[in-house]
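Data first, discussion second: the structure below is written as structure tokens.
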Amino acid sequence: MSAPTTVCPRCAHEEVEHVHASPVPGVWDVLQCARCLYMWRTGEPARRTERDAYPESFRMTPEDIAAATEVPTVPPLRPAS
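Each residue of the sequence shown is one higher than the last, beginning at 309 in the working numbering.
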């Protein structure tokens with residue numbers, strides 16, 4: 309496992325929160341950016357976990373985030389059938 313990222317891969321914000329650890333200690337961690345809310349697992353490929361490898365077309369700036377009209381909500385669960 310690589311060391312946890314200290315900067316968000318998507319928006320380069322430096323405030324990254326540790327959200328969850330794997331059931332098997334030391335295998336992976338789930339991290340979340342405090343600004344853009346991007347979440348990733350440390351065991352994912354560099355293109356998802358490292359700013360330099362994150363696709364430029366998906367990167368965000370503070371201006372992009374401020375101009376976003378809506379953060380999509382998670383739809384309610386469907387009733388069990």
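Each residue gets a CB set at the ideal place from its N, CA and C atoms; glycine is no exception.
Problem - DSSP-derived helix/strand/coil call for Ala-329 - result: strand
Handout entry: DSSP beta-bridge partners of Met-347
Key = Gln-340
Exercise for the section: Would you kindly work out how many angstroms separate the C-alpha atoms of Thr-369 and Cys-316, rounded to a whole number? Expected result: 11 Å
Problem - Proximal residues to Arg-343 (C-beta, below 6 Å), its chain only, five neighbours per side dropped - result: Cys-319, His-321
Problem - C-alpha gap between Arg-355 and Ala-361, whole angstroms - result: 5 Å
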